[in-house]
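Colleague: Starting off with a structure, shown below.
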Amino acid sequence: MTTPNNIPPPDINYYAFDTYQASAQFLRNRLPPELQAIQIGIICGSGLGGLAKTLEEPICEVEYKDIPNFAVSTVPGHVGKLVFGMLAGRATVCMVGRKHMYEGHSLLRTVFPVRVMRLLGAHTLLVTNAAGGLNPDFNVGDIMIIKDHLSIAGFGGCNPLIGANVDDFGPRFPAVSNAYDFDLRVTAFSCATACGLGPFMREGIYAFVPGPSFETRAEARYIRNAGADSVGMSTVPEVIIARHCGMRVLGVSLITNIVPQGHGRSAMQAAAELEPPTASSPGSVSSGPDVAAVMKSMVKNVVEAVSKITEYPHKNDEKVLANHEEVLETSNKRSQAMQELVRLIVGKIPEPSKQ
Ligand code: HPA
Numbered sequence: 001m002t003t004p005n006n007i008p009p010p011d012i013n014y015y016a017f018d019t020y021q022a023s024a025q026f027l028r029n030r031l032p033p034e035l036q037a038i039q040i041g042i043i044c045g046s047g048l049g050g051l052a053k054t055l056e057e058p059i060c061e062v063e064y065k066d067i068p069n070f071a072v073s074t075v076p077g078h079v080g081k082l083v084f085g086m087l088a089g090r091a092t093v094c095m096v097g098r099k100h101m102y103e104g105h106s107l108l109r110t111v112f113p114v115r116v117m118r119l120l121g122a123h124t125l126l127v128t129n130a131a132g133g134l135n136p137d138f139n140v141g142d143i144m145i146i147k148d149h150l151s152i153a154g155f156g157g158c159n160p161l162i163g164a165n166v167d168d169f170g171p172r173f174p175a176v177s178n179a180y181d182f183d184l185r186v187t188a189f190s191c192a193t194a195c196g197l198g199p200f201m202r203e204g205i206y207a208f209v210p211g212p213s214f215e216t217r218a219e220a221r222y223i224r225n226a227g228a229d230s231v232g233m234s235t236v237p238e239v240i241i242a243r244h245c246g247m248r249v250l251g252v253s254l255i256t257n258i259v260p261q262g263h264g265r266s267a268m269q270a271a272a273e274l275e276p277p278t279a280s281s282p283g284s285v286s287s288g289p290d291v292a293a294v295m296k297s298m299v300k301n302v303v304e305a306v307s308k309i310t311e312y313p314h315k316n317d318e319k320v321l322a323n324h325e326e327v328l329e330t331s332n333k334r335s336q337a338m339q340e341l342v343r344l345i346v347g348k349i350p351e352p353s354k355q
């Protein structure tokens with residue numbers, strides 16, 4: 001199955017290598033000599049854009065709206081930009097303001113900057129995100145190093161590699177069973193211990209959902225039962241594209257909220273507690289009451305009862321709801337620690353030739 005989001009807009013040819021080359025060349029023309037060979041690409045997740053502020057001179061910022069073929073945000077006031085600079089001695093580019101499928105962009109459009117980062121030289125991609133915690137051992141503020149992913153949206157046909165393969169980037173059928181680099185994960189845990197984040201560190205499986213609505217409780221249980229530890233609306237398409245063009249990947253989820261998974265209170269039971277049902281045999285379809293007539297009078301009774309309700313005594317049975325404010329609040333609280341962690345990790349990444 002292919003969704004409309006797999007169909008890129010006709011104005012830009014996302015299946016042509018030249019399209020990516022043009023954007024990369026545009027950026028090269030603006031970069032100082034020290035930043036001509038980028039080593040590390042970083043995607044800053046929700047509320048984690050502060051990472052870009054830790055880059056050191058020479059700094060070069062370019063807004064997406066000025067870069068040929070880049071998607072601009074559909075959210076008013078959300079500036080998207082690439083910030084180039086030095087981080088722990090490595091020429092680095094930070095993507096501040098990522099694009100999501102739920103904004104209405106085609107998936108290939110959302111991952112476009114990753115291929116451009118590769119063309120600029122980046123051999124390693126650090127992807128950060130805000131995610132909901134599914135694992136009952138997780139707490140808000142935990143940092144989960146991604147060891148694998150579950151593309152729930154992918155099962156529905158949302159994969160950025162659908163469509164003509166761009167052979168210059170990678171093969172038609174790339175393996176992703178080893179998408180999250182083991183050595184980088186070990187490095188991440190060592191660095192976390194070094195900066196005092198040890199007790200908050202987790203390792204787990206990230207599930208990708210399309211959003212923008214958060215999960216129902218039944219969906220959350222389904223995703224948890226399938227093996228996921230956290231859930232979010234990004235990262236997986238970018239990781240697939242990065243692996244396709246041979247980049248090493250480290251994925252880091254900040255657990256910004258705990259996803260409700262309870263079964264909720266049974267309304268049937270609550271009603272029975274108010275008014276115990278009379279014991280009577282339901283009978284068979286032929287011998288029992290006229291179901292259509294009963295349904296008709298029941299609907300009438302319900303409408304009458306609803307129109308008389310002045311208060312809802314049972315209230316909402318689920319008090320904990322996922323919300324974007326909580327996501328941003330947690331990201332802000334942890335942003336300093338995340339920045340320090342990323343800086344330490346980047347400082348430990350060897351150049352490919354020295355591995
Ligand atoms: N669900 C999906 N995406 C998210 C969540 C969540 O609970 N939190 C942050 N991103």
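Start counting the sequence shown at 1; every next residue gets the next number (the numbering used here).
Think of the CB as a built atom: it goes at the ideal place given N, C-alpha and C, for glycine as much as any other residue.
Can residue 130 be considered in contact with the ligand HPA, in the sense that its beta carbon sits closer than 7 Å to one or more heavy atoms?
Modeller: Yes; taking the cut-off as 7 Å, the Cβ of residue 130 has a heavy atom of the ligand HPA nearer than that.
Colleague: Do residue 63 and residue 79 have their C-beta atoms within less than 8 Å of each other?
Modeller: Yes, they are a contact pair.
Colleague: State the DSSP-derived secondary structure class of residue 257, mapped to helix, strand or coil.
Modeller: The answer is strand: DSSP assigns residue 257 an E or B state.
Colleague: According to DSSP, simplified to helix, strand and coil, what is residue 216?
Modeller: Coil.
Colleague: So, with DSSP's three-state summary, where would you put residue 239?
Modeller: Three-state result, residue 239: helix.
Colleague: Do you know offhand how far residue 293's Cα is from residue 262's?
Modeller: Computed Cα separation, rounded: 36 Å.
Colleague: Suppose contacts are defined by Cβ-Cβ distances below 8 Å. Is residue 69 in contact with residue 124 by that definition?
Modeller: Going by C-beta atoms, residue 69 is not nearer than 8 Å to residue 124.
Colleague: Assign residue 16 to one of two classes, buried (16 or more other C-beta atoms within 10 Å of its C-beta) or exposed (fewer than that).
Modeller: Exposed, because fewer than 16 other Cβ atoms sit within 10 Å of the Cβ of residue 16.
Colleague: So, residue 71 versus residue 112, is the Cβ gap smaller than 8 Å?
Modeller: In this structure, residue 112 lies closer than 8 Å to residue 71 by Cβ.
Colleague: Under the assumption that residue 327 contacts residue 256 (Cβ atoms under 8 Å), give the Cβ distance between them as a whole number of angstroms.
Modeller: Confirmed, Cβ separation roughly 4 Å.
Colleague: Hey, quick one: how far does the alpha helix (DSSP H) through residue 189 stretch, first residue to last?
Modeller: Run containing residue 189: 182-194, per the alpha helix (DSSP H) assignment.
Colleague: Would you mind reading off the limits of the beta strand (DSSP E) that contains residue 205?
Modeller: Unbroken beta strand (DSSP E) run through residue 205: 201-208.
Colleague: Run through DSSP, which three-state label would residue 58 get?
Modeller: Reduced to three states, the DSSP call for residue 58 is strand.
Colleague: Under 8 Å by Cβ, that's how I've got residue 197 and residue 143 pegged, so tell me the actual separation to the nearest angstrom.
Modeller: Right, the Cβ-Cβ distance comes to about 6 Å (below 8 Å), so this counts as a contact.
Colleague: Would you call residue 334 buried or exposed, if buried means 16 or more other Cβ atoms sit within 10 Å of its Cβ?
Modeller: Under this definition residue 334 is a buried residue.
Colleague: Determine which residues share a DSSP beta bridge with residue 230 and list them.
Modeller: Per DSSP, 133 and 206.
Colleague: With 16 other CB atoms within 10 Å as the buried threshold, where does residue 115 fall?
Modeller: With 16 or more other Cβ atoms within 10 Å, it is buried.
Colleague: Quick check: the Cα distance between residue 271 and residue 299, rounded to an integer number of angstroms?
Modeller: Distance between the alpha carbons of residue 271 and residue 299: 16 Å.
Colleague: I need the DSSP call for residue 154, collapsed to helix, strand or coil.
Modeller: Residue 154: helix per DSSP, three-state reduction.
Colleague: Report yes or no: do the stretch 230-250 and the stretch 168-176 share at least 3 C-beta pairs separated by less than 8 Å?
Modeller: Judged by Cβ distances under 8 Å, the stretch 230-250 makes contact with the stretch 168-176, as three or more pairs qualify.
Colleague: Relative to the alpha-carbon of residue 247, which residue among 32, 31, 343 and 39 has its alpha-carbon at the smallest distance?
Modeller: It is 39 whose Cα lies nearest to the Cα of residue 247.
Colleague: With distances taken between CB atoms, is the gap from residue 96 to residue 49 smaller than 8 Å?
Modeller: Against a cut-off of 8 Å, the Cβ pair of residue 49 and residue 96 comes out as a contact.
Colleague: Helix, strand or coil for residue 295? Go by DSSP, reduced to three states.
Modeller: Residue 295: helix per DSSP, three-state reduction.
Colleague: Where does residue 252 fall in DSSP's three states?
Modeller: Of the three classes helix, strand and coil, the one that applies to residue 252 here is strand, per DSSP.
Colleague: Would you mind sorting residue 132 into buried or exposed? The rule is 16 or more other CB atoms within 10 Å of its CB.
Modeller: Label assigned to residue 132: buried.
Colleague: Let me know if residue 336 comes out buried or exposed under the rule of 16 or more other beta-carbons within 10 Å of its beta-carbon.
Modeller: Its Cβ having fewer than 16 others within 10 Å, residue 336 is exposed.
Colleague: Do you know how far the Cα of residue 106 is from the Cα of residue 253?
Modeller: When rounded, the distance between both Cα atoms is 23 Å.
Colleague: Where does the unbroken beta strand (DSSP E) through residue 91 begin, and where does it stop?
Modeller: Counting along the chain, the beta strand (DSSP E) containing residue 91 begins and ends at 90-96.
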